[in-house]
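Asks:
Numbering (UniProt numbering), first residue to last: 1 to 357.
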């Protein structure tokens with residue numbers, strides 16, 4: 001990325017590093033010496049900074065910062081006491097943060113460089129269609145691809161991103177940002193395609209599958225529809241003449257609060273569910289990788305009168321995603337209560353057991 005060379009605060013040179021430290025110290029309006037600045041840089045006490053390797057850059061940076069402040073505020077804005085090694089300085093100007101424009105711009109440039117590096121390194125998290133769309137005709141895309149080809153990609157996701165209709169992600173994202181209403185042809189499992197008019201609000205990924213959430217036009221009162229991208233029949237069309245309706249602030253935080261996954265049934269009830277782990281390994285696994293944000297340990301793992309176990313609770317709705325998450329742990333986890341939830345798991349495990357008789 002191109003740097004602005006005229007800004008003393010910009011960059012990763014020793015001079016720029018010292019300039020930022022000097023300015024920050026001066027703006028505290030307390031006395032400061034070159035030895036103290038060098039000590040900050042070294043991370044240890046320094047009695048004679050002139051003996052340190054980068055003293056030249058420190059002295060030059062101090063001189064330039066001093067000149068810049070005096071030009072902006074006046075010659076009496078920097079008070080000086082002492083001579084040579086004992087010399088110290090203090091900012092006395094009437095203007096607070098006189099070099100704020102330069103200092104903040106230098107910080108923005110550093111932040112942009114960090115962000116640019118993150119964007120390149122985090123490419124492994126995103127579907128290829130997302131990168132191709134947003135980095136189209138951009139040098140960054142070539143560098144991202146080269147990093148991957150050279151085996152230099154340092155961040156990656158384990159999920160297969162080559163999913164049906166994954167290329168719709170950028171289009172759907174932009175319709176949300178631009179607040180456009182969509183006509184979507186959608187095929188539920190084992191049914192024919194049906195058409196819905198949707199006010200798109202949010203895209204969410206769960207277990208390697210992407211979902212679009214939004215209001216469905218025509219429903220009174222309006223309710224949230226949940227459309228899996230791989231169930232969309234053709235690329236959706238935008239609907240002109242239909243006024244877009246946004247979700248209330250914080251709506252989706254509440255919507256997903258008691259969910260594992262994405263499925264929310266109408267009139268669903270959340271339960272305080274007791275889960276028992278029958279091995280220390282399983283207990284620790286669910287402790288370090290919680291099933292839900294509401295999870296709380298109620299009985300630490302150990303030997304009890306009725307066996308060796310540990311228990312925790314989660315406050316969630318009973319949907320397929322939660323059931324699947326528990327069942328994938330096999331005999332390591334048991335639903336203790338409430339009875340209604342335990343009966344559902346008993347039914348599911350009985351049906352599963354029949355397959356292996």
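Note that beta-carbon positions come from the ideal geometry of N, C-alpha and C, so glycine has one too.
Please classify residue 11: does DSSP put it in a helix, a strand, or coil?
Replies: Looking at residue 11 - three-state DSSP - the assignment turns out to be coil, as it is neither helix nor strand.
Asks: Going by beta-carbon coordinates alone, are residue 234 and residue 217 separated by less than 9 Å?
Replies: The answer is no: Cβ separation not under 9 Å.
Asks: Looking at the strands, I want to know which residues DSSP matches up with residue 196.
Replies: Residue 196 is bridged to 184.
Asks: Is the beta carbon of residue 93 sitting closer than 9 Å to the one on residue 78?
Replies: In this structure, residue 78 lies closer than 9 Å to residue 93 by Cβ.
Asks: If you follow the alpha helix (DSSP H) that residue 44 is part of, which residue opens it and which one closes it?
Replies: Looking at the DSSP string, residue 44 is not in any alpha helix (DSSP H), and its letter there is neither H nor E.
Asks: Decide yes or no for the touch test of the region 10-22 against the region 53-62: beta carbon pairs closer than 8 Å, at least 3 of them.
Replies: Cβ pair count under 8 Å is three or more, so yes.
Asks: On the three-state DSSP scale, how would you describe residue 290?
Replies: Looking at residue 290 - three-state DSSP - the assignment turns out to be coil, as it is neither helix nor strand.
Asks: Since residue 79 is in the alpha helix (DSSP H), which residue starts that stretch and which ends it?
Replies: Taken as a continuous stretch (DSSP letters only), residue 79 belongs to no alpha helix (DSSP H), being part of the beta strand (DSSP E) at 78-81.
Asks: If you drop the 5 nearest sequence neighbours on each side, which residues of the same chain put their C-beta closer than 6 Å to that of residue 29?
Replies: These residues qualify, in order along the chain: 91.
Asks: Hey, residue 215 and residue 226 are a contact pair by Cβ (cut 8 Å); roughly how many whole angstroms apart?
Replies: Wrong, their Cβ atoms sit about 12 Å apart, outside the cutoff.
Asks: Excluding the 5 residues flanking residue 187 on each side, which residues of the same chain have their C-beta closer than 6 Å to its C-beta?
Replies: Same-chain partners within the cutoff: 193, 231, 233.
Asks: Measure the CB-CB distance between residue 239 and residue 181 and report whether it falls below 9 Å.
Replies: In contact: residue 239 and residue 181 (Cβ atoms closer than 9 Å).
Asks: Beta-carbon separation of residue 287 and residue 312 under 9 Å?
Replies: A contact, by the Cβ cut-off of 9 Å.
Asks: Could you tell me if residue 309 is buried or exposed, where buried requires 16 or more neighbouring beta carbons within 10 angstroms of its beta carbon?
Replies: By the 10 Å Cβ count, residue 309 comes out buried.
Asks: According to DSSP, simplified to helix, strand and coil, what is residue 349?
Replies: Residue 349 falls in the helix class under three-state DSSP.
Asks: For residue 88, I'd like the list of residues in its chain whose CB is within less than 6 Å of its CB, leaving aside the five on either flank, ordered along the chain.
Replies: Within the same chain, residue 88 has close Cβ partners 31, 33, 81, 82.
Asks: Below 9 Å between beta carbons: does that hold for residue 341 and residue 256?
Replies: No, Cβ-Cβ distance for residue 341 and residue 256 is not below 9 Å.
Asks: Would you call the region 325-335 and the region 274-281 touching, i.e. three or more CB-CB distances under 8 Å?
Replies: As far as the Cβ criterion goes, the region 325-335 touches the region 274-281, which means the pair count is three or higher.
Asks: Going by the CB atoms, is the gap between residue 268 and residue 327 shorter than 9 Å?
Replies: Result no, Cβ atoms of residue 327 and residue 268 do not sit closer than 9 Å.
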